[in-house]
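S.K.:
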Amino acid sequence: MFDAAMEGLYALLTLENVIYLLVGVLFGVGFGFLPGLGGIVAMALLLPFVFGLDPATAMCLLLGAHVATVYNTGITSILFGIPGASKSLALTFDGYPLSQKGQSIRALRATAFATAIGGLVGLVFLVAAMPLLKTVMLNLGQPEYFVLGVWALSLIAAFNDGYMARGLAAAGLGILLAYVGRDPISSTSRFTFDQLFLQDGISIPVAFIGLFAIPQMISLYQQGGTISGTRQVTRRKEIQKFPDIRNNKQLIAKSSLFGIFIGVMPGVGATLGNLASYGQTARATRNPDPPFGQGNIKGVVAPATVLGANEGSELLPTITLGIPGGESSAILLSALIVLGVTPGPAMMTENQVLIYSIIWVVFFAFIITTLAGYFTAPLFARMTTMSSGRLVPLVIVLCLVGAFSVHQRIEDVLVATGLGIVGYYLRKFRFSLAALAVGLVLGGLLERWLHISAETYGPFFWVTRPTTLVFTIAVIGTLLLPSLRNRFGRTQMPDPINVPDVEQSGVH
Amino acid sequence: MQAQVQKQEREDLIAVLVVFAVFLAAAWMSWGFTPKARLAPLFVSASCIVIMLTELVMRFVRHQASRQHDSESELVGSDTRDLATRLADEADEAEPTSSGSPSPSSSSITAILTMLAPFVALIFLVGILPAAPIFIFFYILLVAKSSVLSSAVYAILTHLVIWSLFVGLLGLYMYRGVFDLYIPFISG
Chain A
731 MFDAAMEGLY ALLTLENVIY LLVGVLFGVG FGFLPGLGGI VAMALLLPFV
781 FGLDPATAMC LLLGAHVATV YNTGITSILF GIPGASKSLA LTFDGYPLSQ
831 KGQSIRALRA TAFATAIGGL VGLVFLVAAM PLLKTVMLNL GQPEYFVLGV
881 WALSLIAAFN DGYMARGLAA AGLGILLAYV GRDPISSTSR FTFDQLFLQD
931 GISIPVAFIG LFAIPQMISL YQQGGTISGT RQVTRRKEIQ KFPDIRNNKQ
981 LIAKSSLFGI FIGVMPGVGA TLGNLASYGQ TARATRNPDP PFGQGNIKGV
1031 VAPATVLGAN EGSELLPTIT LGIPGGESSA ILLSALIVLG VTPGPAMMTE
1081 NQVLIYSIIW VVFFAFIITT LAGYFTAPLF ARMTTMSSGR LVPLVIVLCL
1131 VGAFSVHQRI EDVLVATGLG IVGYYLRKFR FSLAALAVGL VLGGLLERWL
1181 HISAETYGPF FWVTRPTTLV FTIAVIGTLL LPSLRNRFGR TQMPDPINVP
1231 DVEQSGVH
Chain B
4 MQAQVQKQER EDLIAVLVVF AVFLAAAWMS WGFTPKARLA PLFVSASCIV
54 IMLTELVMRF VRHQASRQHD SESELVGSDT RDLATRLADE ADEAEPTSSG
104 SPSPSSSSIT AILTMLAPFV ALIFLVGILP AAPIFIFFYI LLVAKSSVLS
154 SAVYAILTHL VIWSLFVGLL GLYMYRGVFD LYIPFISG
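Same order as they appear, the protein sequences are chains A and B. All letters in the first sequence, in the order written, are residues 731 to 1238 by this note's numbering. All letters in the second sequence, in the order written, are residues 4 to 191 by this note's numbering.
Right, dumping it as structure tokens:
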């Protein structure tokens, strides 16, 4: 194993590979920031350029872009409260309040370092535990995925402090939105109102732009002033000593494990891992100061670590089983096939050097992205001092153009606008947009897992299998815990869903 | 103050009822799907109907309880404010500090009319690429009250960024509006 790892490293140490890695990272830095675009688009754009390249070189380009966008999806989450992707949703909870307090540089740099550390820990764990994780993964089936998905929804709904019913209702709305379009099982058109453009359903990037960007801009318009309201204060000594990382070593370790274990779930591991890690951190922290949802740095460090750690575990099913762990892994898979490499169990024996080259590429990409994130943080943070009169139209234009660019359908602009107006009023009346977003992401998958589980294991699959029974108990506990805590006199859980609105924000 | 509390309570109740109605409608529509297609949406709709009914009942119970405890809370000082009062107090506390700012409820409508409606209408009329700089120019000039030069610079830069990314790099076709206008150097 050590020999293969070293061979994989030597295969990378050429000028050509270094240049391609840098180009990939820079490309990813630019793309991950734009709404509607992101890691998938960045990798898809680069895919034609990998033909004819050596597999290791191709991985430098693709994975460099991908890793950079992992970090960059967090930038809009922190600066504007607009998640760049579903997996960076949890970063909005405390990241945006930190921006409002004039601490966006702190939040961005903490994100950069936490993502890198999580990624590096995830890679080490991936290498060490690859055989074991493969066994664990094969024992997790559709019933477990279903109950874990329900757990994620209950977690986010339970955080809608004092309004758990509304949180659950919002999750239900999100799930119903996910069912717009053709049912994949029976091809029945559902909730399409005979509109052709709704046959393919509501695109998640379009929905996210509508649900988060537009309400945020409406709030900023009402609030006036700037996001931060103050000039950025960078206390050089503190930032150089990285106190947010040093003081949260245990949290980073725990979140890395979350990212690794939950991240192996194909398709939604990153989203679930983020939310679960955030939820666990909020629960486990006694007397948080400031409260979660009001700019607690732990609320940024935990999900950022998961973002990075998830990268390794998303690669695991791709490499070992030939099953893409996510959309970007699907592009990676197609690139490998085009280059003549067949991912899957055989790759572990026939292309072990390439596997380790891939791991080293991700390793170096994280380091370069962290440095890029560290030095560009002040530049990005300046946007929080822009007046709303200039920021609002720019963001609105970029967001709606981004919404159009997803499928090049003008109707998506209307969908984003409509969802934005609905989202504003839902948020105003304490229906959790985060729960709605997670419901939207998980809705289709939950239905598929439910159908398969019920047909394979019967309608009571959620209690007849030991692992699903454990997860089901976790769901019940999550839903009951807020009431139990109130009954036994503990302080109510802080409301981390502090997506700012007129009531919460203001010029400082 | 009392009128504001009542207004908040009414708006909150309307919001809950609207969401309840949405779930009722979803359940009714789901009934018309094939059995496999209706399973998940019907289950979700029915569950959420129960949840919203619970919310309405709890709301009523809290409202009754807060009425009974109003006099006690004056002596004890505990926060037994009902939901509407809490919302009203939070809104009061968070009133924008800058003078001349519109009230939240009216300004959300203003925001939609000032921000979203003109831009979306422009997109449909003249297309995305011309609409973006036009909207940005006039918004920054009229709403942000910046200079003509500053507004023009923002408009041109935004157009260049959008054009180079979406048309130049991604090669996307950008919607040209109902009149299918082609404007040299601006339309994609």
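All residues carry an ideal CB built from backbone N, CA and C; glycine is no exception. Just so it is clear, the structure is predicted and the values come from calculations on it, not from any experiment.
1. Are any of the Cβ atoms in chain A nearer than 8 Å to that of D192 (chain B)?
2. Going by Cα to Cα distance, which pick from B:L119, B:S149 and B:A147 is closest to A135 (chain B)?
3. Ordered along the chain, which non-local residues of its own chain (more than five positions away) have a Cβ less than 6 Å from that of D183 (chain B)?
4. For the stretch 1166 to 1180 of chain A, which residues have a CB atom closer than 7 Å to at least one CB atom of chain B, in sequence order?
5. Measuring straight from C-alpha to C-alpha, what distance separates I1061 (chain A) and G940 (chain A)?
6. Please classify R912 (chain A): does DSSP put it in a helix, a strand, or coil?
7. Count the other C-beta atoms from every protein chain shown that fall within 10 angstroms of the C-beta of W1192 (chain A), then say buried if there are 16 or more, exposed otherwise.
8. So, do the stretch 1012 to 1020 of chain A and the stretch 1033 to 1050 of chain A have three or more beta carbon pairs nearer to each other than 8 Å?
9. In the DSSP assignment, what residue or residues form a beta bridge with R920 (chain A)?
10. Identify the continuous alpha helix (DSSP H) that holds P935 (chain A) and give its terminal residues.
11. Can you tell me whether I196 (chain B) is helix, strand or coil according to DSSP?
12. For F1134 (chain A), would you say it is in contact with chain B, using Cβ-to-Cβ distances shorter than 8 Å as the test?
13. With T1015 (chain A) as the anchor, note down where its alpha helix (DSSP H) starts and where it stops.
14. In whole angstroms, what is the alpha-carbon distance linking V181 (chain B) and L907 (chain A)?
15. Can you name the residues of chain A whose CB is closer than 9 Å to the CB of K39 (chain B)?
16. Count the other CB atoms within 10 Å of the CB of Y157 (chain B); is the residue buried (16 or more) or exposed (fewer)?
17. With 16 other CB atoms within 10 Å as the buried threshold, where does D95 (chain B) fall?
18. If I measure Cβ to Cβ from T845 (chain A) and keep anything under 6 Å in the same chain, skipping five residues before and after, which residues do I get?
19. For S150 (chain B), which of helix, strand or coil comes out of DSSP?
20. Short check: CB of A795 (chain A) to CB of A815 (chain A), under 8 Å?
21. My output table needs one value for D974 (chain A): the three-state DSSP class, helix, strand or coil.
22. Rounded to the nearest angstrom, how far is the Cβ of L132 (chain B) from that of M177 (chain B), given a contact under 8 Å?
23. Exposed or buried, what is G1188 (chain A) when buried is set at 16 or more other beta-carbons lying within 10 Å of its beta-carbon?
24. Taking a contact to mean a Cβ-Cβ separation below 8 Å, would you say K831 (chain A) touches G1025 (chain A) in this structure?
25. At a Cβ threshold of 8 Å, is S1117 (chain A) touching chain B?
26. Would you say V1145 (chain A) reaches chain B, if we count a Cβ-Cβ gap shorter than 8 Å as a contact?
27. Just the chain B side, please: which residues come within less than 7 Å of V1131 (chain A) by C-beta, in chain order?
28. Roughly how many angstroms lie between the CA atoms of L828 (chain A) and F1110 (chain A), to the nearest whole one?
29. At which residues does the alpha helix (DSSP H) containing S1162 (chain A) begin and terminate?
30. I want to know whether the stretch 1143 to 1161 of chain A touches the stretch 937 to 953 of chain A - three or more CB-CB distances under 8 Å.
31. Indicate whether at least one CB of chain B lies closer than 8 Å to the CB of A844 (chain A).
32. Give every residue of the same chain whose Cβ lies closer than 6 Å to the Cβ of I165 (chain B), excluding the five residues on either side of it in the sequence, and list them in chain order.
33. Could you tell me the alpha carbon to alpha carbon distance between I886 (chain A) and A1164 (chain A), rounded to whole angstroms?
34. Residues of chain A with CB closer than 7 Å to the CB of S69 (chain B), please, in chain order.
35. Starting from the Cα of I143 (chain B), find the closest Cα among A:A842, A:Y951, A:L903 and A:D733 and give me that residue.
36. Note down, in chain order, each residue of its chain lying with its Cβ closer than 6 Å to the Cβ of G758 (chain A), except the 5 sequence neighbours on either side.
M.R.: The relevant details are as follows:
1. As shown, chain B starts at 4 and ends at 191. That puts residue 192 (chain B) outside it, with no answer to give.
2. B:L119
3. none
4. E1177 and L1180
5. 26 Å
6. strand
7. buried
8. no
9. A:G911
10. I934 to F938
11. Because chain B spans 4 through 191 in this model, residue 196 (chain B) falls outside it and cannot be assessed.
12. yes
13. Neither: T1015 (chain A) is in no alpha helix (DSSP H) and is coded neither H nor E.
14. 29 Å
15. D913, I915, S916, T918 and H1181
16. buried
17. For D95 (chain B), the predicted model reports a pLDDT of 46, less than 50, meaning its position is unreliable; a value from the coordinates is still stated below. Answer is exposed; the Cβ neighbour count stays below 16.
18. Y801, A1034, L1037 and G1038
19. coil
20. no
21. helix
22. 5 Å
23. exposed
24. yes
25. yes
26. no
27. I131, A135, I165 and F169
28. 14 Å
29. Neither: S1162 (chain A) is in no alpha helix (DSSP H) and is coded neither H nor E.
30. yes
31. no
32. A135
33. 7 Å
34. Neighbours of S69 (chain B) on chain A: none; closest Cβ ~14 Å, over 7 Å.
35. A:Y951
36. A772, A795, A798 and T799
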